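J.:
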Amino acid sequence: MTTVIKRNKWEIWRDVIFALFAREIRTGFSDKLGLSWALVNPIAFIFVLSFIRGRMDGGDTHGVPTFVFMAYGLIFIQTFLNTFTTCSGSIKKNKALFAFRQVQPISAVIAAAMFEVLVKIFVIIGIFIVMYFLGIEINIDNPLLMMFCIFLLWWFSVMMGLMFGILILYVPEVNKLMNLFTRPLFFISATFFSLQDFPREYWAYLNWNPILHAIELTRYAAYHAYGTDGVSLTFLSLTVLVTTFLALSIYYTNWRQAISR
């Protein structure tokens with residue numbers, strides 16, 4: 001006689017997310033390069049830009065080793081861009097699976113976000129290994145602040161991806177606006193240059209960007225000598241909170257109509 005195992009909604013949701021997460025891993029690492037390319041690409045990029053920046057400031061950028069300065073900037077901006085792009089596309093990508101009532105769009109977004117976390121963990125470990133062999137000191141003055149900033153940026157990108165993922169189902173042209181929106185972020189998010197490199201009268205034109213606050217605060221968490229001039233953890237936290245409320249409101253009121261289009 002067959003035994004029927006009853007599961008509550010949370011257990012079903014957990015199993016669905018795990019299944020989608022496993023699917024993301026299989027599709028994400030299905031090519032020949034797989035995880036190795038996810039490691040080599042950002043590390044090589046950091047090396048090239050660190051060399052260029054190092055020739056400008058002698059290997060030390062506002063009290064932070066140039067390689068470390070560039071590493072935090074590039075890891076954070078790539079975390080945002082990759083997570084935002086992957087999460088926003090995950091709803092449309094898995095739309096056929098929503099025919100099963102157990103599978104909901106937010107499950108696909110969470111699975112995609114978890115996959116990006118997995119990739120970035122390997123990237124960070126790879127960069128720390130490179131720093132060790134290069135003789136660069138791995139210094140973190142405030143690990144709690146650093147982890148909190150990483151979480152805030154990751155969650156901000158997930159919520160932005162959720163919001164845009166719903167909007168894309170209504171207006172496919174939003175995808176083109178996303179590309180227009182994300183391209184300048186490399187240059188205005190303190191990735192290559194610190195906020196301190198700009199005159200103070202121009203800070204007001206850059207401080208609206210929460211990614212800049214996350215990157216600069218993380219550099220401060222690693223080296224307190226870097227300082228926190230012009231950035232605010234409160235602003236970053238409130239921005240993430242407002243974005244979360246807005247994204248979840250849009251999702252709650254529109255996801256059923258969106259996937260039926």
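Heads up, the sequence shown is in the UniProt record's numbering, so the first residue is 1 and it goes up one at a time. All C-beta atoms, glycine included, are put in the ideal place defined by N, C-alpha and C. Source: prediction; values computed, not measured.
1. Measure how close the beta-carbons of residue 279 and VAL174 come, nearest whole angstrom, since I'm counting them as under 8 Å.
2. Helix, strand or coil for MET1 per DSSP?
3. Can you tell me where the alpha helix (DSSP H) holding THR253 begins and where it ends?
4. Going by C-alpha distance, which of ILE136, GLU24, VAL48, PHE193 is nearest HIS62?
5. Is it true that the CB of ALA112 sits closer than 8 Å to the CB of CYS149?
6. Below 8 Å on the Cβ atoms is my contact criterion, and I expect THR66 with SER50 to pass it. Report the Cβ-Cβ distance as a whole number of Å.
7. Under the DSSP definition of a beta bridge, which residues are partnered with ASP60?
8. In its own chain, which residues sit with a C-beta less than 7 Å from the C-beta of PHE80, not counting the 5 before and 5 after it?
9. Identify whether VAL171 lies in helix, strand or coil by the three-state DSSP scheme.
10. Could you check where the alpha helix (DSSP H) with LEU134 kicks off and where it finishes?
11. Assign PRO199 to one of two classes, buried (16 or more other C-beta atoms within 10 Å of its C-beta) or exposed (fewer than that).
12. Less than 7 Å between C-beta atoms, sequence neighbours within five positions excluded: which residues of the same chain meet that for LYS95?
13. Quick check: residue 271 and ILE140, are their CB atoms within less than 8 Å of each other?
14. Between the beta-carbon of MET146 and the beta-carbon of THR253, is there less than 8 Å?
15. Report buried or exposed for THR243, applying the criterion of at least 16 other Cβ atoms within 10 angstroms of its Cβ.
16. Just confirm the distance between the C-beta atoms of ILE75 and VAL130, as a whole number of angstroms; I'd bet it's less than 8 Å.
17. Cβ-heavy atom distance between VAL103 and the ligand MG below 7 Å?
18. Can you list, in chain order, the stretches of the alpha helix (DSSP H) that have 4 or more residues and sit fully within the stretch 172-204?
19. I'd like the list of long-range same chain contacts for GLN246, defined as Cβ closer than 7 Å, with 5 residues on each side in sequence excluded.
20. Determine whether the beta carbon atoms of ALA108 and LEU20 lie at a separation below 8 Å.
T.: On the basis of the supplied data:
1. The requested residue 279 does not occur in the structure, where the chain is confined to residues 1 to 261.
2. Model confidence at MET1 stands at a pLDDT of 46, short of 50, so the residue's coordinates are unreliable and nothing is read from them.
3. 233-259
4. PHE193
5. no
6. 5 Å
7. PRO65
8. LEU153, SER157, ILE211
9. coil
10. 105-134
11. exposed
12. ILE259
13. One cannot answer for residue 271 here, as it falls past the ends of the chain, which runs 1 to 261.
14. no
15. buried
16. So it is not a contact: roughly 12 Å between Cβ atoms.
17. The ligand content of the structure shown is nil, which means the ligand MG is not present either.
18. 174-182, 185-188
19. Per the sequence shown, residue 246 should be read as Leu rather than Gln. So the list reads MET163, once near-sequence residues are dropped.
20. yes
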